[in-house]
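Structure first, commentary second.
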Amino acid sequence: MSAASVIQPSKLLKELSELWVSLGKEESGGHGVLRACSMTLIVVSEAADDPGETLAALMPEHPARAIVVRLDDDAGLSARVYAQCWMPFGRRQQICSEQVEIRTAAAQLADVPSVCLGLIVPDLPVVLWSRCPRLFDLPEFERLLPLVDKLIVATRDVDDLPRLARLTGPHIADLSWTRLTRWRERIASSLPPGARACDIKRVVIEFGGAAMPSRAAYLGAWLAARCSDVRPEFIALPDRPRGLCAVTLQGDGLDLRLFAGEDETLEVQRGEFSARAAFGPLNDYLLLREELRILGRDAVYEEALRGVLGS
Amino acid sequence: MAQPNPFVDELRFEQSAPPCTVVIFGANGDLTQRKLLPALYRLAYERRLSPGFAVLGNSRTGISDDAFREKMRESVSEHSEDGPIDDRFWSDFSRGLFYQAGDMSDGALYDRLAARLEELERSRQTEGNVLFYLSTQPSFYGPVVERLGAAGLNKGRGWRRLIVEKPFGHDLSSAVALNDTIQRVFPEQDIYRIDHYLGKETVQNVQAFRFGNGIFEPLWNRRYINHVQITAAESIGVEGRGGYYQEAGALRDMIQNHLLQVMSTVAMEPPAVFEPAAVRDERAKLLRSVRVMKPEEVHENAVAGQYGPSRIGGAQVPGFRQEKGVDPEAQTDTYAAATFYIDNWRWAGVPWYIRTGKRLPKRVTDIAIRFNSAPLSLFRDDGNLSLPPQLQANLLILRIQPEEGISLRFLSKHPGEGMKLRPVSMDFNYGTSFGARSPSAYETLLLDAMVGDPTLYTRQDMVEASWKVVEPILGVWSETRQPFPNYEAGSWGPAAADEMLARHGHEWRVP
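Heads up: the protein sequence lines correspond to chains A and P, in order.
Under the working numbering, the first residue of the first sequence is numbered 1, with each subsequent residue one higher.
Under the working numbering, the first residue of the second sequence is numbered 312, with each subsequent residue one higher.
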């Protein structure tokens, strides 16, 4: 544990190294612990927002050195290291991945990139997940970008998207787009065989709340890019909870409607046929799990983002 | 050729099946209940099935759709490896389960099936696509296929495909005859001969390991590899399948299909492209390159074994001949080991030792690739003579089950004074690096068949090539009175198998 106004990456690395030695000694089953790491995951969050539970769920599938930067305007710069361990079902050996927590006031955020640079695991991808909307507005934010291969954010409304498009450097992911995967999959699998995109003549997207959520805008852009003659129509349903409510695709011999049902279900209606797919709630773990599988360019997302901004 | 769906996002979407009906012959059987329905349920749960999906089960027992659903629910609950059934999800999934009772040898059954399929095409919007799954006794394969053809069920508005379970014939001539029967009704591209070993994630990973990395393939040949050992050991006995097993034996049950397919995956040449025809061509080419033993070579290069009674962990374990339904004089091989050679430029002269057996000390399947030792032992004078030669060579182990992964054994300096070397193991563990669950082999293979990807299925020329490899051994063994039982339950097999390797200066490793 170290707590000081100066953080030395080499000291933290030494503490991590000592942590592994002590974990090996603590383990009583005689099988030792196994260290796993497939990336560096930098998470920036507010002091009161603890991403620990999500990280714990992610580690078995995406073991990482997690560097959690918590913005705490009442705190000086400090850091501590710890390990996240789990025992896979049916196995005798614990698997651990390492975590570094850095607390800093927003004003001192400028000191953080140099610390992160020293802590990044060599030769493996680096992902930055921003859970903190104000990070965008901090001038130090852009100093973090050159360190990372992928930036994950979560936009809320369509108005958030222009500044996302202005960012340069890492590949960008927006969890509002990730939330659409279920919808997009269901649309793709529900179209009748031989249906061509050009057969679709009308697209209607209904969303809850007054402001258009970025999700609805993305869906419209994605569909428009495939049905080139169609401009999606958007219908706001202010009395419904924020989010995507339904999408209707109509055309020659085609009448397909998908809508969010109760209990996280997605219902498909095609003529007289209807089917319901039950999904669990989409939490941060599931969204990150999907995004961390994609470390390169996502051309379909980029096209949708361009589509939203061009429309 | 169908146009690709412009809405599919290959980066994010998991591959999913088009609308279809899966017709299962033998829907009351063990395979359906243990493997097929749990796999289909899981595929649906993972959003891999289309909303337009249905299962139509058939067997002789007269039960209703609802009774079939209830029975399948019990099966999935009992055999699913992914925790308890999700009730809400099951209620949606089970709406797509249907049942048609009838005797497979009765022509009228196929008219009833045709009517049900038409009805499902409308009500479930399956678009006329049908996958027939023969999960019956092998003797029914030919007759069922003939009746499907006679009823015109091999053709329809959508595609029609057929999955055939192993064994595909009991020797070369019966495999050819069965194939002739099936190909009169279904074209080769619609016949999916299942070998569930090829659907295992770790067997598929062999290809990723070999062809996705640059550092291993240059070593993957006779210049660097001394020999290869493939082991598929089971700790259990015949578990009530004595009657069937007595007719099959280990060589037919495991080596002719599973292990020769595994060997072909490890030894094949890189395909030009990763497409079904190219991959299967290479696999078939490899199997055709396996040297076929002359009868006089069989005793030197193949060993049959049968377990006798023993005590394991304080419990008395019966010998094979004491198992229920087994002839007390049975000459069945419950263990088989063979030395194969591959006559091509890459592998000439490298022995491939394959062994499989029941009632061995543990359940394990792995492939051990032993590399040649370093040309000079520089550190010989410093205490390393105590290291047996078999521990000095580098060993690459591809573990198929149960602890799926890859290990590389190499020598390292022991801490302290002097250059004392000790073997150490560098391990990649599938479960550690990818904590996500792996799909079962049946999930992978069923989805592939629905999608129309036969890469992991066996083609007729592969079936024939592997029968050609094992037939001389079967022929000699059938004419030999074997000294059975020749290994104790719970041991690593007969002494003759050790002697077979000793003749080449090698020994079996203990997995």
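Each residue gets a CB set at the ideal place from its N, CA and C atoms; glycine is no exception.
Subject >> Under 9 Å by beta carbon: chain P residues contacting F53/A >> reply: The sequence as given places Glu at residue 53/A; Phe does not occur at that position. The contacting residues do not exist; E53/A stays about 16 Å from chain P at best.
Subject >> Beta-carbon proximity of V487/P to A188/A, cut-off 8 Å >> reply: no
**OP:** For the beta strand (DSSP E) holding G243/A, just list the boundary residues, first then last.
**Re:** G243 to G251
Original post:
Can you find a CB in chain P that lies within less than 8 Å of the CB of T155/A?
Top reply: Not one beta carbon of chain P lies nearer than 8 Å to the beta carbon of T155/A.
Original post:
Given a threshold of 16 other Cβ atoms within 10 Å of its Cβ, counted over all protein chains shown, does I67/A qualify as buried or as exposed?
Top reply: buried
Original post:
Closer than 8 Å, CB to CB, is N827/P near chain A or not?
Top reply: With chain P represented from 312 up to 822, any question about residue 827/P goes unanswered, as that position is not in the structure.
Subject >> Contact between the segment 600 to 608 of chain P and the segment 754 to 768 of chain P (3+ Cβ pairs under 8 Å) >> reply: No, the segment 600 to 608 of chain P does not touch the segment 754 to 768 of chain P.
Original post:
Using 8 Å as the limit for Cβ to Cβ distance, is Q344/P near chain A?
Top reply: no
Original post:
Among W20/A, V81/A, R202/A and L288/A, which one has its Cα closest to the Cα of T181/A?
Top reply: L288/A
Subject >> Interfacial residues, the segment 394 to 413 of chain P to chain A, with Cβ spacing under 8 Å >> reply: D397, R399, F400 and D403
Original post:
Should F259/A be flagged as near chain P, meaning a C-beta pair shorter than 8 Å?
Top reply: F259/A is outside the set of residues whose beta carbon lies under 8 Å from a beta carbon in chain P.
**OP:** Quick one: list the residues of chain A neighbouring P362/P, beta-carbon separation under 9 Å, in chain order.
**Re:** R186, S189, S190, V268, R270, F273, S274, A275, R276 and A277
**OP:** Under 8 Å between beta-carbons, which chain P residues line up against I294/A? List them in chain order, please.
**Re:** L322 and R323
Subject >> Any C-beta of chain A under 8 Å from that of M312/P >> reply: Model confidence at M312/P stands at a pLDDT of 47, short of 50, so the residue's coordinates are unreliable; what they give is reported in the following sentence. Closer than 8 Å: no.
**OP:** Check whether the Cβ of A4/A lies closer than 8 Å to any Cβ atom in chain P.
**Re:** Model confidence at A4/A stands at a pLDDT of 45, short of 50, so the residue's coordinates are unreliable and nothing is read from them.
Original post:
How would you label Q8/A, buried or exposed, when you count the other beta carbons within 10 angstroms and need 16 or more for buried?
Top reply: exposed
Original post:
Any C-beta of chain P sitting closer than 8 Å to the C-beta of R317/A?
Top reply: Nothing can be reported for residue 317/A: it is not among the residues displayed for chain A, which extend from 1 to 311.
Original post:
DSSP state of M1/A, grouped into three classes?
Top reply: In this prediction, M1/A scores a pLDDT of 39, lower than 50, which makes its location untrustworthy; the coordinate-derived value is nonetheless stated afterwards. M1/A: coil per DSSP, three-state reduction.
Subject >> Closest by C-alpha distance to R533/P, when choosing among I680/P, Y352/P and V387/P >> reply: I680/P
Original post:
Is the Cβ-Cβ distance between T252/P and T437/P less than 8 Å?
Top reply: Any property of residue 252/P remains undetermined from this structure, which presents chain P solely from 312 to 822.
**OP:** Name, please, each residue of chain P whose Cβ falls closer than 8 Å to the Cβ of E290/A.
**Re:** R323
Subject >> At least 3 beta-carbon pairs within less than 8 Å: the segment 785 to 798 of chain P vs the segment 616 to 634 of chain P >> reply: yes
**OP:** Determine the closest residue to L119/A out of I102/A, L109/A, R231/A and S130/A, with distance taken between C-alpha atoms.
**Re:** I102/A
Original post:
In angstroms, rounded to a whole number, what distance separates the CA positions of S751/P and T766/P?
Top reply: Distance between the alpha carbons of S751/P and T766/P: 17 Å.
Subject >> Residues that DSSP places opposite M773/P in a beta bridge >> reply: Answer by DSSP bridge pairing: none, since M773/P is not bridged.
**OP:** With a threshold of 16 other CB atoms inside 10 Å of the CB of T104/A, please say whether the residue is buried or exposed.
**Re:** Looking at its Cβ environment, which holds 16 or more other Cβ atoms inside 10 Å, T104/A is buried.
**OP:** Using a cut-off of 9 Å between C-beta atoms, extract the partners of R358/P located in chain A.
**Re:** R182, E185, R186, S189, A277 and F279
**OP:** Count the other CB atoms, across all protein chains shown, that sit within 10 Å of the CB of P281/A; report buried if there are 16 or more and exposed otherwise.
**Re:** exposed
Subject >> Listed by chain order, chain A residues near Q712/P by CB distance under 8 Å >> reply: Here the premise fails: no neighbours, minimum Cβ distance about 12 Å.
Subject >> Contact the segment 468 to 477 of chain P vs the segment 491 to 511 of chain P: 3+ CB pairs below 8 Å >> reply: yes
Subject >> Endpoints, the beta strand (DSSP E) within which L348/P is located >> reply: Here L348/P belongs to no beta strand (DSSP E); instead the alpha helix (DSSP H) covers L348 to Y356.
Subject >> Three-state class that DSSP yields for F136/A in the structure shown >> reply: Helix.
Original post:
Using a beta-carbon distance cut-off of less than 7 Å, what residues from the segment 434 to 452 of chain P approach chain A?
Top reply: Listed in sequence order: Q436 and E438.
Original post:
Going by DSSP, which residues form a beta bridge with W663/P?
Top reply: V539/P and F651/P
Subject >> Classification of D298/A by the beta-carbon crowding that lies within 10 angstroms, buried from 16 upward >> reply: For D298/A, the number of other beta carbons within 10 angstroms of its own is at least 16, and it is reported as buried.
Subject >> Chain-ordered chain A contacts of V319/P [CB-CB under 8 Å] >> reply: A188
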